[in-house]
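Residue numbering for the sequence shown follows this note's numbering, starting at -11 and increasing by one per position.
Yeah, the Cβ is synthetic: ideal placement off N, Cα and C, and Gly gets one too.
The structure displayed is predicted, hence computed values, not measured ones.
Here the structure is laid out as C-alpha cells; the discussion comes afterwards.
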Amino acid sequence: DEELYIDQDPAAFRVLLDYMRSGMVKVSAVDEKVLLLAEFLGVERLVSAAKIRWLVNMGRGPSLSEDCSDEDIVAAFDREYGGISEAIGAGFFRYFKEMNDKAQSEFAEIRFIGSPDGGRGRFSKVRLFIDREDPIENECCSVAAKNVMSAKGYEKIKSISSIHQLFSRRKHIHLLSRSDSVFMPYYKDQESRKKKVLNQFAFFLYNHEDKLTTVLAPPELSHDESVRSNPFGVAIIQPVHECWDVMHGFQYQKDTTNVHANLHGVEGVNGDEVE
C-alpha cells in the first residue's frame, strides 16, 4: 500500500486520531488547529457536531424547533458564519468552548381559554416561537401547558393579564444535547446545565369525599407510549398511591384555583398542584 504523508500539526492530528479510535473527544482537547484540520480532512461527524455545539453556544441566528434535523442546524451555522474557518477568522472560537453571554431569546405564550366542549375545564392555547412568521400552536389542559413550557426550557417573564402569560428562553438552548455523543462533558457545560432547574407540575384531583382519585402528571410518567411521545400530553394516573408525590419527587404546593371536570375527560372537583 502507498504511504500517505500529511503535512499538518502533529498535536492536532493526534487529537483527531484519538477521536477516530473512540468516537468522542474532550472539548478541552479541541483548539482552532484541531477544528481546521478536521474540516480540511473532511471528518464530517466531528465537523457537524462542532457546528451544532458552536451555534448553541452562540445563541444567535434563526429559530430552530425541537424536531429540526442535525443537518438543519449545520446549515443554519453555515448561513450565519460561513463555516469553521470563517468563524475562527471572525474571532468566534471562544464560543465553541463557552456560552455567549449576549445570546438572543426565543418567546412563547400561554393563553387560558374555555373548554373546547363547552364544559367548565380550563384549557390553554400554547404558542411557541411567537417571534417567527410560523409559530407553533397547540391546545391542551393547563397542567400540560405548564409542563411543556418547563420541558422546553422556557421561563415565565411576564403575566400580561390573568389569562395571558409570556415566556422566554435562551435561543437554541433546547438543542444543547445534540452534540453530546461526540464531545465529552466539559466543566463549563456542567455549570451551564446546573443553572437550568427543570420544574414539572402535576394536579391532584379529589372527589366530593375529599379522597384522592386521579393525578394529572407529565406525559413521561404514562405507561402509554402515545402519551409519552406527545409533549402536550398528560399522564392520567388512576388509581393513585397515597405516597405518589413523594415516590416521584414532587413537592406539595397548594393551588388557589379549582380544577373542574372535563380535563381530558377526568371527573374531579377540587385540585391541588404539586411541583
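Top-ranked residue by Cα proximity to residue i, from the options
i      : options                           : result
ALA205 : SER217, PHE191, LEU34 and HIS211  : PHE191
SER51  : PHE100, SER210, PHE80 and ALA91   : ALA91
SER150 : MET137, ILE118 and ARG99          : ARG99
SER147 : GLY237, GLY47 and ALA96           : ALA96
ALA17  : ARG2, ASN195, VAL31 and ARG9      : ARG2
CYS264 : GLU143, ILE101, GLU121 and ASP119 : What is shown of the chain runs -11 to 263, which leaves residue 264 out entirely.
ARG158 : PHE117, GLU197 and PRO173         : PHE117
ASP86  : LEU209, ILE225, GLY47 and SER130  : For the record, residue 86 in the displayed sequence is Glu; it is not Asp. Nearest C-alpha to GLU86: GLY47.
GLU94  : ASP119, GLY71 and HIS236          : ASP119
ASN126 : ASN218, TRP232, ASN195 and TYR175 : ASN218
VAL203 : ASP233, ARG33, MET8 and GLU32     : ASP233
ILE225 : THR201, CYS231, GLN239 and GLU213 : THR201
GLY79  : CYS231, ALA223, ALA64 and TRP42   : TRP42
Distance, residue j Cα to residue i Cα
i       : j       : result
ALA133  : SER112  : 7 Å
LYS140  : GLU(-9) : 51 Å
LYS199  : LYS14   : 53 Å
GLN(-4) : SER57   : 33 Å
ASP6    : ALA(-1) : 11 Å
PHE220  : LEU29   : 43 Å
ASN135  : VAL114  : 11 Å
VAL228  : SER130  : 20 Å
TYR174  : HIS236  : 29 Å
PHE238  : VAL31   : 45 Å
ALA63   : MET172  : 23 Å
Whether residue i touches residue j by CB criterion (9 Å)
i      : j      : result
LEU193 : VAL44  : no
ASN187 : SER138 : yes
PHE84  : ALA26  : no
GLY49  : SER169 : no
LEU23  : ILE72  : yes
Close beta carbons around residue i, own chain, < 6 Å, minus the five adjacent residues each side
i      : result
ARG166 : ILE40
HIS162 : GLU54, LYS140 and GLY141
GLU20  : ILE76 and PHE81
TYR69  : ALA75
ARG67  : none
Contacting residues, own chain, Cβ-Cβ under 8 Å from residue i (five flanking each side not counted)
i      : result
LYS144 : MET137, GLN153, LEU154 and PHE155
LEU34  : LEU4, TYR7, VAL13, ALA26 and VAL170
Any C-beta of chain D under 9 Å from that of residue i
i     : result
ALA26 : Judged by its chain identifiers, the structure shown contains no chain D, having just a single protein chain.
Three-state secondary structure assigned by DSSP to residue i
i      : result
HIS152 : strand
GLU143 : strand
ASP260 : Model confidence at ASP260 stands at a pLDDT of 48, short of 50, so the residue's coordinates are unreliable; what they give is reported in the following sentence. Residue state, collapsed to three classes: strand.
TYR194 : strand
PHE95  : strand
GLU125 : strand
PHE100 : strand
Own chain partners of residue i with C-beta closer than 7 Å, once the 5 adjacent residues on each side are dropped
i      : result
PRO123 : ARG115, LEU116 and PHE117
ARG216 : PRO207, GLU208 and SER210
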